[in-house]
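Number of protein chains: 2
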Amino acid sequence: MSDKTRIAVIDDDRSIRKSLVRMLSVAGFDVVAFASARDFLAAVDIERVSCAVSDLRMPGVDGLALQQTLRGRLPHLSMVFITGHGDVPASVTAMKAGAVDFLEKPVRSGVLLEAINRAIERSRNLLAASTEIEELKIRYQRLTPREGEVFALVAAGLLNKQIGAELGAAEKTIKQHRGRVMDKMEAESLADLVLMAERLGIRPAETDFSRAKGKLISEAK
Amino acid sequence: MSDKTRIAVIDDDRSIRKSLVRMLSVAGFDVVAFASARDFLAAVDIERVSCAVSDLRMPGVDGLALQQTLRGRLPHLSMVFITGHGDVPASVTAMKAGAVDFLEKPVRSGVLLEAINRAIERSRNLLAASTEIEELKIRYQRLTPREGEVFALVAAGLLNKQIGAELGAAEKTIKQHRGRVMDKMEAESLADLVLMAERLGIRPAETDFSRAKGKLISEAK
DNA sequence: TGTGCTATCAGACTAAGGTCCGATTTTCAG
DNA sequence: CTGAAAATCGGACCTTAGTCTGATAGCACA
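Chains as they are written, first to last, in our numbering: chain G, 1451 to 1671; chain F, 1451 to 1671.
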C-alpha cells in the first residue's frame, strides 16, 4: 500500500516500458505498466491512477481509442501521449480531446515529468470537481418535483411571493418548500444555495418567468 | 459595411491566400487577407475579426508568435492554423495555447469551414464572457473599500449581524453598506449578487471568517 | 478652511424570511 | 383498499432585511 501518486504506463515496446518505469519510479511515483490498452482497461485498481502515459500507435486498441474509452469510464484521468512518428492529425485529435501533452520520442526526462505533473494536477482538479457535482446531484435527487421548481426560482432570486404567483401556490406553502430545499440540499445560506444551483446548471423553466420578474421591478416602486 | 462575420487570412504565399479568400468568400464570410502577421496586427479594424486563419511558418513573425501576441491583445480571438510541414511540437504548442484546430495542407474545404465555425462560436462566447466580466469590474471599482469587504461577506452568505461582528461595526452600518453595494453593483437580488461575486472571484479575506461561520452554526441552535 | 467622500450609528417602520404545530387533499404503489 | 409521500394552507411568532431621515466624525484635496 503506497501513498505515492500512481501513474500508468501503456506501451507495447518492452524496452521503452522498462525505461519509462525506471524513470518514473526514480522520480518518486508508483508506476504500473501495461503492454496494451486492453490490459490497462482490465486492471482492477484503475481508479487509483492519476495519470496515464501512453504510446500512440499500438496493436489492438491504439492511444486515441484508449482516450475515447477513458472519456466515458474515467473522465478525470488525464493523459500524456508519446509517439515515435510525427503524426500531426493524431496529435491535434488527442489535444482536442483533452490530452495534457503529446511528446515525440525520444522523450527528455524533464519534459515528461513536467507534463506528468500537469496531468496529475489536472486529474485531481477534475476529480474534485466531479465529486462535488455528484454529491450535489445526489442531494438534488432527494427533492420532490415541487421542491425542485421552488429551488430553481429561489436560486433565480425571486421572492416567495413571486414564486407563489409563478407556481400558483400561497406564499406560506413556498416557505415550507423552501425550508425543505435548504435542508435537503444542506445549504447553510441562500448564497450557498445559489452557488449549488449554478453548479448544477439549474435554471427556472421559463414559462412566464419574465412576467414575474417584471412584477419585481414594478412592485418595488 | 457588411454585417457578415469577418475572418482574417494570414499567409505569406500569395496563391494560397487567394485560394483561401475565394473559398471563404463563397462560404459567405467577409474575408480580409494579410501577407504577414505584422500587417495583420497593424490593421485598423482588427477588433471586428471573429476568426484568424494563419499559416504556421512565415517570414518574420510566425504563427505561434502571432498567437502569443494575440493572447495579450485580443484574448477572445480564436485561431485556426494551417501548415505545410508535419510539425508535431508546433501543433501541440498551438493547441495548448488554445488554437481551435491545426490543419495540414492541402486543406479540404469542408474541414476548414467546420473548424472556422467552431472558432467563430468560441470567439463569440469568449467575447461575451469577457465583456460581462469587464462590466462587472467597472461596477466593482465603484465600491469603496468598506463596501468591498461587505460585498465579499454578503456574497459568502453571512448575516448582517455576523458581518458587523467580523468588521467591527454595527448591524445598522452594514445594512447601509449592503444597500449601497446592491445599488452600485446593479444587483436585483441577493442571488444576483452572489453570482456576480462568483464571476469576479471575490472571496472574503479569511481573517477570522471561520469564527464568524461557527457563530452562525451555534447561534442557529 | 471648506467641500466632498467615507464611514459610522440611531430611530422608526415596513416587508420578507423562517419555524413549529396542525390540518386537509391528492396521488400512487403495494 | 390502505398507508405513505407529496402538496397544500393557516395561525402564531420571531428574526432578518431594507429604507428613510438625520446626524457625527475623520480625512484628503484644493
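Cβ atoms here follow ideal geometry from the backbone N, Cα and C, with glycine treated the same way.
Chain-order list of residues whose beta-carbon lies under 6 Å from that of residue i (same chain, five-residue window excluded)
i	result
Asp1551 of chain G	Val1530 and Ala1565
Ala1569 of chain G	Cys1501, Ser1528, Val1530 and Val1550
Ser1559 of chain F	Met1473
Ala1477 of chain G	Leu1563
Per DSSP, the bridge partner or partners of residue i
i	result
Met1646 of chain F	Per DSSP, none; premise fails for Met1646 of chain F.
Thr1533 of chain G	G:Glu1554
Asp1480 of chain F	F:Arg1456
Asp1505 of chain F	F:Ile1532
Residue i: CB within 6 Å of a non-hydrogen atom of the ligand NAD
i	result
Arg1558 of chain F	The ligand NAD is not part of the structure shown, which contains no ligands of any sort.
Where residue i sits in the DSSP three-state scheme
i	result
Met1545 of chain G	helix
Ser1580 of chain G	helix
Ser1500 of chain G	strand
Arg1653 of chain G	coil
His1526 of chain F	coil
Glu1621 of chain G	helix
Gly1672 of chain F	An answer regarding residue 1672 of chain F cannot be provided, because it is not within the stretch 1451 to 1671 covered by chain F.
Glu1616 of chain F	helix
Val1494 of chain F	coil
Asp1463 of chain G	coil
Ser1639 of chain F	coil
Ala1485 of chain G	coil
Leu1666 of chain F	For Leu1666 of chain F, the predicted structure reports a pLDDT of 38, less than 50, and the residue's modelled location is therefore unreliable. A value from the coordinates is still provided. Leu1666 of chain F: helix per DSSP, three-state reduction.
His1627 of chain G	helix
Ser1469 of chain F	helix
8 Å CB neighbourhood of residue i in its chain, flanking five on each side removed
i	result
Leu1643 of chain F	Phe1601, Val1604, Ala1605, Val1631, Met1632, Met1635 and Ala1637
Arg1572 of chain G	Ser1528 and Val1550
Pro1509 of chain G	Asp1462 and Ser1486
Ala1655 of chain G	Glu1599 and Ala1602
Thr1543 of chain G	Leu1514
Val1471 of chain G	Val1459, Val1481 and Ala1483
Ser1580 of chain G	Pro1525 and His1526
Ile1583 of chain G	Arg1649 and Leu1650
Arg1521 of chain F	Ala1547 and Gly1548
Ser1475 of chain G	Val1481
Lys1454 of chain F	Gly1478, Phe1479 and Asp1480
Glu1597 of chain F	His1627, Arg1630, Val1631 and Lys1634
Thr1623 of chain G	Gly1614
Same chain, Cβ closer than 7 Å to residue i, neighbours up to 5 away in sequence not counted
i	result
Glu1554 of chain F	Thr1533 and Gly1536
Arg1577 of chain G	The amino acid occupying residue 1577 of chain G in the given sequence is Leu; Arg does not appear at that position. Result list for Leu1577 of chain G: His1526, in chain order.
Leu1593 of chain F	Phe1601, Val1631 and Lys1634
Leu1586 of chain F	Met1646, Arg1649 and Leu1650
Thr1519 of chain G	Leu1491
Lys1625 of chain F	Asn1610
Asp1512 of chain G	Leu1506
Ala1670 of chain F	Confidence at Ala1670 of chain F is low in this model, with a pLDDT of 34, below 50, so the placement of that residue should be treated as unreliable; the coordinate-derived value is given next. Result list for Ala1670 of chain F: empty, nothing under 7 Å.
Next item on the list: Pair every Cβ in the region 1480 to 1499 of chain F with every Cβ in the region 1454 to 1461 of chain F, then say whether three or more of these pairs are closer than 8 Å.
Entry: yes
Item checked: Uninterrupted alpha helix (DSSP H) stretches inside the region 1564 to 1610 of chain G (no shorter than 4 residues) -> Listed in chain order, the complete alpha helix (DSSP H) runs (minimum 4 residues) inside the region 1564 to 1610 of chain G are 1595 to 1605.
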